[in-house]
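Everything on this sheet refers to the single structure shown next.
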Amino acid sequence: MLYLGKICEVKEGLSVVRVDYLGTITPFIPYLAIANKFKRHFIPPRVGEAVILCDFGGAKVAMPSIFNHDYKEPSGASSTKEIISYEDGTILSYDTSTSTLEILSPKIININVQNDINITCENANLTATNTTITSPSVLIKGNTTIQGAINTAGAGGSTGTFSINGNLDIKGNLNTTGSITTAGSITDSRGDLTNHTNNGYARD
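Right, dumping it as structure tokens:
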């Protein structure tokens, strides 16, 4: 037999519930879920959730779940959009009309992977208040444009080193509070400063 009912009690961390149907309250019975060697999917049941009660005589099972006036379809639902909406405001959705997968989280998303993460796309855009990359080394393959200041520091914030294997072109002034050391010549708009002479006499 099949009955419509509502969950009136749940057990924390377990997929068992008590169901109120036709003025009768069941003992704790299984709340239908996916559970096998390949996959286990636990969705916490909630008091007030409308369910279908399957009564097999000696055994009963609660089948989730039916939209009702307490738990309505999430905002933005359509015939082309699947939406998973959590009670804290987190939303996962996929819209086949635009082929758009979207994750909206009010707080934190953690991704922990033991091996590699590979992302392949046409354009990647990252917008953040602050961005921190912690890695022994960072390799950027391709031209790099930085619209802002560059500050270098060593381990623990001590003095750092900025190394360039190639030419350095600066459109602007070069200011330094330390010495400048070069193995080559220094030249300005008026000529060679390294090999400059004073009326034929070598520079001191």
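In our numbering, the protein residues as written are 99 to 302.
For each residue, glycine too, the CB sits at the ideal point set by N, CA and C.
Note that the structure is predicted; figures quoted are calculated from it, not measured.
List the DSSP bridge partners of I182. To locate residue 182, count along the sequence shown from 1; it is residue 84. Beta-bridge pairing links I182 to L190.
Go ahead and label Y184 buried or exposed: buried means 16 or more other beta carbons lie within 10 angstroms of its beta carbon, across all protein chains shown. To locate residue 184, count along the sequence shown from 1; it is residue 86. Label assigned to Y184: exposed.
Quick one: measure Cβ to Cβ for C152 and L100, integer angstroms, because I've assumed they're closer than 8 Å. For the purposes of this step, residue 152 is taken as the residue at position 54 of the sequence shown. For the purposes of this step, residue 100 is taken as the residue at position 2 of the sequence shown. About 6 Å; that satisfies the 8 Å criterion.
Rounding to the nearest angstrom, what Cα-Cα distance links F140 and N228 in this structure? Locating residue 140 in the sequence shown gives position 42, where the first residue counts as 1. Locating residue 228 in the sequence shown gives position 130, where the first residue counts as 1. Answer to the nearest angstrom: the Cα atoms are 35 Å apart.
In its own chain, which residues sit with a C-beta less than 7 Å from the C-beta of M161, not counting the 5 before and 5 after it? As a working mapping, residue 161 is identified with position 63 in the sequence shown. Answer for M161: L130, V149, I150 and C152, listed in chain order.
Do E200 and I215 have their CB atoms nearer than 9 Å? As a first step, residue 200 is located in the sequence shown; it is residue number 102 there, counting from the start. As a first step, residue 215 is located in the sequence shown; it is residue number 117 there, counting from the start. It is not a contact, given that the beta carbons lie outside the stated cut-off.
So for G276, helix, strand or coil by DSSP? Residue numbering aside, residue 276 sits at position 178 when the sequence shown is read from its first letter. Note: G276 maps to coil in three-state DSSP.
Quick check on DSSP: helix, strand or coil for G103? Walking along the sequence shown from the start, residue 103 turns up at place 5. Note: G103 maps to strand in three-state DSSP.
Nearest-angstrom beta carbon gap, R144 and I105 [assumed within contact, 8 Å]: By 1-based counting over the sequence shown, the position of residue 105 is 7. By 1-based counting over the sequence shown, the position of residue 144 is 46. Going by Cβ atoms, the distance from I105 to R144 rounds to 7 Å, so yes, they are a contact pair.
Roughly how many angstroms lie between the CA atoms of V159 and N221, to the nearest whole one? Here residue 159 refers to the residue found at position 61 of the sequence shown. Here residue 221 refers to the residue found at position 123 of the sequence shown. The alpha-carbon of V159 is positioned some 49 Å away from that of N221.
Residues near I132 by beta carbon distance below 6 Å, same chain, minus five either side: Walking along the sequence shown from the start, residue 132 turns up at place 34. Hits under 6 Å: H139.
Best match in A253, T124 and S177 for proximity to T194 [C-alpha to C-alpha]: Walking along the sequence shown from the start, residue 194 turns up at place 96. Comparing Cα-Cα distances from T194 to each of A253, T124 and S177, the minimum goes to S177.
Quick check: the Cα distance between S283 and G270, rounded to an integer number of angstroms? As a working mapping, residue 283 is identified with position 185 in the sequence shown. As a working mapping, residue 270 is identified with position 172 in the sequence shown. Whole-angstrom Cα-Cα distance: 20 Å.
Distance CB(V114)-CB(I123) smaller than 9 Å: Residue mapping note: residue 114 aligns to position 16 of the sequence shown, counting from 1. Residue mapping note: residue 123 aligns to position 25 of the sequence shown, counting from 1. Not in contact: V114 and I123 (Cβ atoms no closer than 9 Å).
Bounding residues of the beta strand (DSSP E) (the contiguous stretch that carries Y119): If you number the sequence shown from 1, residue 119 lands on position 21. Element bounds for Y119: V114 to Y119.
Return the CA-CA distance between V108 and T196, expressed in angstroms with no decimal places. As a position in the sequence shown, residue 108 is number 10, starting the count at 1. As a position in the sequence shown, residue 196 is number 98, starting the count at 1. Spanning the two alpha carbons is a distance of roughly 39 Å.
A253 - DSSP class collapsed to helix/strand/coil: Residue mapping note: residue 253 aligns to position 155 of the sequence shown, counting from 1. Correct three-state label for A253: helix.
From the DSSP output, which residues share a beta bridge with H334? With the chain running from 99 to 302 in the structure shown, residue 334 is simply not present.
Have a look at T232 and T242 and give me their C-alpha separation to the nearest angstrom. Reading the sequence shown from its first residue, position 134 is the one you call residue 232. Reading the sequence shown from its first residue, position 144 is the one you call residue 242. About 19 Å.
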